[in-house]
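Notes to accompany the following structure.
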Amino acid sequence: MKILLAYNGCAGSFCPNLLAMLRQKLEQSGHEIFTCDSHDGILCEQMGRMDHICIIGGDGTLRDVVARLSPDEHLPSFSIFPLGTINLIAREAGFNQNIDALVKRINAHGHDIHKCKKHYGCTMNGENFLACASISPDSYAVAQLSPSLKRKIGRMAYCAAFLQNFWVWPRPNLSILADGKHFKGEAAFLLKGKFYAGPWNLSPKANVQHEKIELIILPTARRRDYLRLMLSAMISRKFVSPKWAFISCTNIAISGDKADIPVQADGDFTGHLPINAQIDNRPIYFI
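First residue of the sequence shown? That's 198 in this note's numbering, and the numbers climb one at a time after it.
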């Protein structure tokens with residue numbers, strides 16, 4: 198197979214030795230290996246000639262690579278060697294930091310997308326996200342996240358950014374349209390994958406293989422509301438409030454009462470409201 202190893206060379210977790218080791222193992226298995234930085238201009242051209250693409254990085258690197266896929270090209274199969282801060286998609290797809298296990302998996306399934314699992318992502322304002330997005334206290338924290346601090350201390354940088362908002366707690370007024378039905382709220386969570394912010398699950402229905410977005414709307418997003426949401430994910434569904442709206446949908450439009458309400462997708466700041474999000478009907482195939 199022709200295999201592309203795509204990576205983000207600017208990421209704090211990137212390791213050239215690991216890239217070289219993975220390349221060597223795959224070449225020993227008889228594959229033709231190419232490497233490319235996820236921000237390199239030749240990435241699109243290379244992807245169009247590949248049978249398989251292995252992402253070395255986290256959710257952000259995966260999202261960057263998937264965004265460069267041409268809609269007119271054949272779809273290769275995908276795998277992940279997780280090096281990111283949270284690694285939501287790798288966690289759900291069953292990838293870990295075992296090079297030998299990954300090579301064995303690529304050898305067994307990488308050549309045939311019909312043996313792969315379909316992952317339906319989303320598009321939002323012309324960009325893609327694969328695991329989750331939100332307009333919530335989380336998105337305010339992500340918007341203030343220091344990239345240099347993230348490279349140094351990993352996920353703890355999110356905690357530091359979150360604490361900055363704790364004393365001046367954001368509570369925007371959101372107007373939400375989900376498959377034509379109108380809702381109001383102060384926080385909204387768009388869930389495509391099973392996991393959120395780590396090994397936690399906000400909605401049992403969220404699944405990368407489903408062609409639905411699981412939308413959670415909090416009518417009020419006070420500190421205690423947000424704490425209750427976290428407890429429902431980390432400890433028990435008994436903490437779920439009957440006032441929260443849980444909606445399975447394919448199209449979502451959200452606007453706010455201010456111009457500077459931030460949006461996060463897959464753990465990265467992606468802009469401000471308004472947004473229009475919908476299921477991407479073209480799946481990604483994970484081995």
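All C-beta atoms in this analysis are idealised placements derived from N, C-alpha and C, irrespective of residue type, glycine included.
Rounded separation between residue i and residue j - CA only
i: Ser331; j: Gly468; result: 11 Å
i: Gly291; j: Phe278; result: 10 Å
i: Arg420; j: Trp366; result: 7 Å
i: Ala354; j: Lys347; result: 5 Å
i: Ile432; j: Phe392; result: 14 Å
i: Leu202; j: Val300; result: 12 Å
i: Pro471; j: Met198; result: 43 Å
i: Gln243; j: Pro273; result: 11 Å
For residue i, the first and last residue of its enclosing beta strand (DSSP E)
i: Asn194; result: The structure shown does not extend to residue 194, since the chain is modelled only from 198 to 484, so the question has no answer here.
i: Glu411; result: 410–415
i: Gln243; result: First-last for Gln243: 240–244, but that is the alpha helix (DSSP H), not the beta strand (DSSP E).
i: Ala375; result: 371–375
i: Ser452; result: 448–453
i: Tyr482; result: 481–483
Residue i (DSSP reduced to helix, strand or coil)
i: His316; result: strand
i: Cys356; result: helix
i: Asp234; result: strand
i: Phe363; result: coil
i: His271; result: coil
i: Phe211; result: coil
i: Ser336; result: helix
i: Phe443; result: strand
i: Ser331; result: strand
i: Pro279; result: strand
Residue i, enclosing alpha helix (DSSP H) - first and last residue
i: Glu383; result: It is not in any alpha helix (DSSP H) - Glu383 carries neither H nor E in the DSSP assignment.
i: Gly257; result: 256–264
i: Ile286; result: 285–290
i: Ser429; result: 420–431
i: Leu346; result: 344–350
i: Arg302; result: 296–306
One or two residues paired with residue i in a DSSP bridge
i: Val460; result: Gly468
i: His249; result: Ile200, Ser274
i: Asn473; result: Ala450
i: Glu224; result: The partner list for Glu224 (beta bridge, DSSP) is empty, contrary to what the question assumes.
Counted within 10 angstroms of its Cβ, other Cβ atoms place residue i as buried (16 or more) or exposed
i: Ser491; result: The structure shown does not extend to residue 491, since the chain spans only 198 to 484, so no value can be given for it.
i: Phe498; result: Given that the chain is displayed from residue 198 to residue 484, the structure contains no residue 498 and the question cannot be resolved.
i: Trp441; result: buried
i: Asn293; result: exposed
i: Met247; result: buried
i: Ala375; result: buried
i: Cys212; result: exposed
i: Asp309; result: exposed
i: Arg352; result: exposed
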